[in-house]
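*Asks:* Here's a structure for you.
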Amino acid sequence: MKRPPPRGAGDLQRQRARHHACGECARAGARLSLIAILLICGVGTTDGPLRAANEPARAASDAMHVAEGTARAPGDAMPGTEDSQWTMPAKNFAATRYSGLAEITAQNARSLRPLWTFSTGVLGGHEGQPLVVKNTMYVVTPWPNVLYAFDLAKEGYPLRWKYRPDVSQNSIGVACCDSVNRGAFYAEGKIIYNLLDGHTVAVDADSGREVWKTKIAEVADGETTTIAPLVVKDRVIVGAAGGEFGIYGWVKALSLKDGQILWTAHNIGPDAGMLVHADTFKPPYDSGADLGARSWANDSWKVGGAPVWGWMAFDPELDLIYYGTGNPAPYNPEQRVGDNKWSSSVLARRPEDGALVWAYQFTPHDNWDYDSTGAMILADLTVAGKPTKALVHFDKNGFAYTLDRATGRLLVAAPFATVNWAKSVDLASGRPVLEPAKQTGASKGNVKGICPSLEGGVSPASPAAYSPRTHLFYTSTNNLCMDYATWSASHLKGTPFVGVDSPYLAGPGGNLGSFIAWDAATGRKVWENKEAYPTWSGALVTAGDVAFYGTLDGWFKSIDAKTGKVLSKFKVGSGVVGNPITYRGADGKQYVAVYAGFGGDWALLSGDTRSDDPADVRAPADYLRDIGRHTSQGGIVWIFGLQ
Amino acid sequence: MTPIYRERGATLTVWVLSCVMLAACEREHAAPSQQHAESTPPAIRYEAHLEAGDLAPAGGALQNPHAGEAAAANRGQQLFTAMNCDGCHGGAGAGWVGPRLSDGRWRYGGADDEIFNSIYYGRPRGMPAFGGALGPEGVWALVSYIKSLPVPQQIATESWEKP
């Protein structure tokens with residue numbers, strides 16, 4: 022993730038003054054880093070890969086092609102294929118956030134009205150999305166991670182129960198960028214989600230009683246758990262955030278039945294810890310042993326970050342899970358010379374034993390905090406005339422990538438936002454063609470005007486959607502650039518391992534964000550709705566050819582998926598950083614639900630968007646001076662329907 | 002080769018110096034770590050605490066040995082970066098995941114000894130205890146720096162109306 026301190030004009034001056042004095046600080050930092058390294062003991066413990074019988078993947082090509090309006094009985098269908106429900110974060114394993122429901126159309130969406138709201142009582146940024154299973158809506162809040170279960174079959178949708186776990190408040194300060202939670206996953210009668218303080222819980226979906234709780238991460242080491250789990254067969258896949266604390270990034274698989282940790286796979290470091298086997302790991306552009314260690318000078322991978330806090334996908338035919346990794350640590354790249362594999366990358370693993378099958382690095386030697394934790398969307402496209410099993414990803418670095426998801430080979434890469442750190446991406450080598458003037462480092466001083474900013478061309482917390490009807494992808498974007506001054510950072514356990522001043526600047530064009538439609542087969546923007554502020558919500562698209570998204574200044578919009586024309590909009594009480602969903606209610610009608618709840622990044626929480634703490638009053642950020650005029654914190658669940 | 006590994010010798014020097022400073026400080030002041038063996042508890046309190054029966058609890062009072070000294074504030078400014086304080090509280094304490102330190106407002110009190118306690122022992126919601134890593138002398142330097150940050154005159158009202 023990210024995280025430059027937000028600054029007002031006065032603060033900027035002070036910060037510059039500090040930077041000039043930083044030769045001294047940097048040396049002090051270097052002295053302290055050894056202390057910190059000595060304190061890190063036991064990193065890299067890896068559970069051995071589970072050697073179980075290799076269960077054949079359930080053939081289910083329809084997981085990629087959601088049948089329109091043909092709801093099948095729960096239990097019969099591949100999870101996520103039944104349109105009346107929303108049982109997993111991204112709707113289906115392919116992570117398309119596409120629903121076959123078609124009652125709401127471009128013709129009638131102007132009649133969408135808010136029908137019900139509920140205050141979650143929590144102020145943190147409400148990323149993620151509700152689930153709807155068997156006429157119950159499940160809502161997970163940011164810390165303290167309350168789980169609400171609403172009875173959608175009764176008037177007013179009263180609570181069936183709520184589950185209130187005991188979550189350490191220390192985790193709030195270790196979560197780099199607000200105490201968010203990206204949602205739950207329903208599987209075999211359980212609601213499974215992560216608590217911020219490094220635990221995964223399974224709660225009985227009917228009774229609300231805790232079934233199991235497993236400690237997966239260590240807050241004292243800088244790990245927090247904001248990611249929504251992915252449940253594949255009998256495996257619960259989880260990861261941890263902590264790219265700003267120099268963690269040794271990983272994913273783990275837990276038993277769905279009892280929460281036991283079955284395997285742990287690191288994203289960086291030697292092959293053994295990464296569950297790389299020489300005979301089965303086939304990266305498309307690299308070869309050799311221990312790539313995750315040899316691409317980091319001086320064993321810097323040991324505090325190299327590469328966390329997992331975004332979105333995961335699964336292809337049942339190829340039997341591969343896909344996820345992106347976050348930034349390498351620290352932000353000064355001169356402390357970690359090399360490509361820093363596999364930070365800022367996409368990895369494909371076998372769910373059964375975690376074995377790495379391929380990996381592709383979007384941003385080698387990332388020196389701009391360009392995490393690749395955004396959604397990996399699986400779609401069957403026609404690329405250059407050939408039917409292709411594709412993986413599509415909108416990266417923080419501003420390029421949209423279309424890969425062959427069986428091999429990881431790059432097919433299309435084109436900028437969807439303003440990009441100047443690289444000129445292009447070379448399809449033959451898979452590597453970016455760098456712009457020398459925009460490379461950063463402690464010896465390079467303050468590098469000015471880099472695009473995108475480290476908030477990304479899109480926030481990884483804002484997943485895109487794909488419609489197999491329009492063959493288009495839909496995503497929010499940010500139009501921000503930055504200056505980047507970094508210094509030698511000290512790794513001191515329990516504190517951030519960052520070392521950057523990176524004030525943001527407005528990108529060209531007068532708008533700070535947008536919502537776009539993208540043709541991933543050709544790498545072409547089809548249309549763009551400009552937004553005044555950075556746009557941070559996820560996307561939803563339906564078989565009614567309607568797309569939905571929200572804005573930071575608190576509008577929730579329905580638009581024509583073919584043209585982008587706004588069909589309806591409503592001010593939902595707080596900025597939207599959550600992801601809309603749709604489902605069929607107990608009355609058989611189609612509804613749309615979304616969270617309002619500004620936050621998810623402390624750069625957003627400047628100005629007076631915060632009102633809860635009289636001892637913390639901040640100046641507005643230079644680039645976003647009046648967002649506080651339009652929104653404040655506070656979580657609200659909204660349900661919309663035709664009326 | 003990164004600076005991390007080059008400065009091995011210097012690291013040990015810092016630790017030795019810290020120990021010397023700690024010992025010196027303990028002679029001059031009642032350092033909190035010394036008080037565990039005594040019957041009077043340490044002075045973790047702040048001015049906004051309510052007092053039952055209007056009676057303040059007994060406790061040692063701490064004085065900043067370098068109050069108002071520019072050299073101490075400068076050293077504190079360096080520590081503010083070196084100890085990654087800015088990683089949470091922002092450059093110049095402008096606020097980030099941790100609260101702003103330059104608004105003249107304090108969750109746990111803004112007197113020197115109250116800020117000392119916040120840094121030395123840590124606070125809930127993720128503020129680590131730095132007393133172990135820095136010792137009293139380093140924490141006092143940070144207190145001196147934080148107290149030197151300029152506080153804007155107008156903080157309570159933000160208006161978007163044209164005057």
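Residue numbers (this note's numbering), protein chains in the order written: chain Y, 22 to 664; chain C, 2 to 164.
Even for Gly, the Cβ is constructed at its ideal location relative to N, Cα and C.
1. Measuring only the C-alpha atoms, how far is Gly194/Y from Arg101/C?
2. Are the segment 149-156 of chain Y and the segment 129-140 of chain Y in contact at 8 angstroms, needing three or more beta carbon pairs?
3. Nearest chain Y C-beta to Ala38/C closer than 8 angstroms, yes or no?
4. Given this structure, state the Cα-to-Cα distance separating Lys163/C from Tyr554/Y, to the nearest angstrom.
5. Just list the beta strand (DSSP E) runs in the segment 457-518 of chain Y, keeping only unbroken ones of 3 residues or longer that don't cross its boundaries, in chain order.
6. Looking only at its chain, what residues have a beta carbon closer than 6 angstroms to the beta carbon of Gly69/Y, apart from the 5 residues adjacent to it on each side?
7. Assuming Tyr343/Y contacts Ala369/Y (C-beta within less than 8 angstroms), just tell me the rounded distance between them.
8. Under 8 angstroms between C-beta atoms, does Asn191/Y make it to chain C?
9. Nearest-angstrom Cα distance between Thr12/C and Phe266/Y?
10. Tell me Thr102/Y's beta-bridge partners as DSSP assigns them.
11. Helix, strand or coil for Met333/Y? Go by DSSP, reduced to three states.
12. On a CA-only basis, which of Arg126/C, Gly127/C and Asp104/C is nearest Lys148/C? Give me that one, please.
13. Does the beta carbon of Ala73/C come closer than 8 angstroms to any beta carbon on chain Y?
14. Anyone know if the C-beta pair for Glu231/Y and Ile268/Y falls short of 8 angstroms?
15. In chain order, what residues of the same chain lie with their CB nearer than 7 angstroms to the CB of Ala318/Y, ignoring the 5 residues before and after it?
16. Just checking: is the beta-carbon of Glu159/C within a distance shorter than 8 angstroms of some beta-carbon in chain B?
17. Contact criterion: CB-CB distance below 8 angstroms. Does Asn118/C meet it with respect to chain Y?
18. Would you mind giving the Cβ-Cβ distance between Gly260/Y and Pro328/Y, rounded to the nearest angstrom? I have them listed as a contact below 8 angstroms.
19. Counting along the chain, where does the beta strand (DSSP E) carrying Pro453/Y start and finish?
20. Ignoring anything shorter than 4 residues, give me the alpha helix (DSSP H) runs that lie fully in the segment 95-153 of chain C, in order along the chain.
21. Mind listing the chain C neighbours of Leu513/Y? Cutoff is C-beta to C-beta under 8 angstroms, in chain order.
22. Going by C-alpha to C-alpha distance, which of Asp307/Y, Ala293/Y, Phe302/Y and Trp271/Y sits closest to Val324/Y?
23. Cutting at 7 angstroms between CB atoms, please list the residues of its own chain near Asn129/Y, excluding the five before and the five after it.
24. Among residues of its own chain, excluding the 5 on either side of His147/Y, which ones have a beta-carbon nearer than 6 angstroms to its beta-carbon?
25. With a threshold of 8 angstroms between beta-carbons, can Gly60/C be considered close to chain Y, or not?
26. Anything in chain Y within Cβ reach of Asp104/C, meaning under 9 angstroms, just list it in chain order.
27. Taking 8 angstroms as the threshold, find out whether the segment 369-378 of chain Y comes into contact with the segment 288-297 of chain Y through three or more Cβ pairs.
28. Just list the residues that DSSP pairs Val597/Y with in beta bridges.
29. For the segment 180-204 of chain Y, enumerate the residues whose C-beta is nearer than 8 angstroms to any C-beta of chain C, in chain order.
30. Hey, quick one: how far does the alpha helix (DSSP H) through Thr295/Y stretch, first residue to last?
31. Any idea if Trp161/C is buried or exposed, counting beta-carbon neighbours within 10 angstroms, 16 or more meaning buried?
32. Which stretch, first to last residue, makes up the beta strand (DSSP E) that contains Ala369/Y?
33. Among the residues of its own chain, which have a CB less than 7 angstroms from the CB of Val253/Y, if the five just before and after it don't count?
34. Do Leu312/Y and Lys362/Y count as a contact pair if the criterion is CB distance below 8 angstroms?
35. Give me the Cβ distance between Phe437/Y and Ile580/Y, rounded to the nearest whole Å; I'm assuming they're in contact under 8 angstroms.
36. Which word fits Gly142/Y, buried or exposed, when buried means at least 16 other C-beta atoms lie within 10 angstroms of its C-beta?
*Replies:* Taking the coordinates as given:
1. Each residue's Cα considered, the two are about 13 angstroms apart.
2. The segment 149-156 of chain Y vs the segment 129-140 of chain Y: no contact.
3. The predicted position of Ala38/C is uncertain, since its pLDDT is 45 and thus under 50; a value taken from the coordinates is nonetheless stated next. Judged by the 8 angstroms Cβ criterion, Ala38/C is not in contact with chain Y.
4. Whole-angstrom Cα-Cα distance: 22 angstroms.
5. Correct list: 467-471, 486-488, 493-499 and 501-507.
6. With a pLDDT of 32 at Gly69/Y, under the threshold of 50, the modelled position of that residue is not reliable, and the figure given next carries that caveat. Once the five neighbours on either side are set aside, Gly69/Y has no close Cβ partner at all.
7. Your pair Tyr343/Y and Ala369/Y checks out as a contact, with CB atoms roughly 5 angstroms apart and the cut at 8 angstroms.
8. Asn191/Y belongs to the set of residues whose beta carbon lies under 8 angstroms from a beta carbon in chain C.
9. In this prediction, Thr12/C has a pLDDT of 36, which is less than 50 and means its spatial position is unreliable; what the coordinates show is noted afterwards. Between Thr12/C and Phe266/Y, the C-alpha separation is close to 21 angstroms.
10. Beta bridge pairing from DSSP links Thr102/Y with no other residue.
11. Strand at Met333/Y.
12. Closest by C-alpha distance to Lys148/C, out of Arg126/C, Gly127/C and Asp104/C, is Asp104/C.
13. No, Ala73/C does not count as interfacial toward chain Y.
14. Going by C-beta atoms, Glu231/Y is not nearer than 8 angstroms to Ile268/Y.
15. Excluding positions up to five away in sequence, the list reads Arg357, Val358 and Gly359.
16. The structure shown contains no chain B; its protein chains are Y and C.
17. False, the Cβ-Cβ gap to chain Y never drops below 8 angstroms.
18. Yes, they are in contact, since the Cβ atoms of Gly260/Y and Pro328/Y sit about 7 angstroms apart, within 8 angstroms.
19. Annotation for Pro453/Y: the continuous beta strand (DSSP E) segment containing it runs Pro453 to Leu455.
20. For the segment 95-153 of chain C, whole alpha helix (DSSP H) runs of length 4 or above, ordered along the chain, are 113-122 and 132-149.
21. One finds Met84, Asn85 and Ala134 in chain C with Cβ atoms closer than 8 angstroms to the Cβ of Leu513/Y, taken in chain order.
22. Of the candidates Asp307/Y, Ala293/Y, Phe302/Y and Trp271/Y, Trp271/Y places its Cα closest to the Cα of Val324/Y.
23. Leu663, listed in sequence order.
24. Counting only Cβ-Cβ distances below 6 angstroms, and skipping sequence neighbours, we find Gly599, Tyr616, Gly618 and Gly656.
25. At a cut-off of 8 angstroms between beta-carbon atoms, Gly60/C makes no contact with chain Y.
26. Close to Asp104/C, with beta-carbon spacing below 9 angstroms, are these residues of chain Y in chain order: Ala636, Asp637, Val638, Arg639 and Ala640.
27. Contact between the segment 369-378 of chain Y and the segment 288-297 of chain Y is present, because at least three Cβ pairs lie under 8 angstroms.
28. Answer by DSSP bridge pairing: none, since Val597/Y is not bridged.
29. Taking 8 angstroms as the upper bound on Cβ-Cβ separation, chain C lies near residues Gln190, Asn191, Ser192, Ile193, Gly194, Val195, Ala196, Cys197, Cys198 and Asp199 of the segment 180-204 of chain Y.
30. It should be noted that the sequence gives Met, not Thr, for residue 295/Y. Met295/Y -> alpha helix (DSSP H) spans Asp292 to Met295.
31. Counting other Cβ atoms within 10 Å of its Cβ, Trp161/C stays below 16 and is therefore classed as exposed.
32. Counting along the chain, the beta strand (DSSP E) containing Ala369/Y begins and ends at Ser366 to Arg370.
33. Answer for Val253/Y: Phe335, Ile342 and Pro372, listed in chain order.
34. Taking a C-beta distance under 8 angstroms as the contact criterion, Lys362/Y and Leu312/Y qualify as a contact pair.
35. Wrong, their Cβ atoms sit about 17 angstroms apart, outside the cutoff.
36. When all chains shown are included, Gly142/Y counts as exposed.
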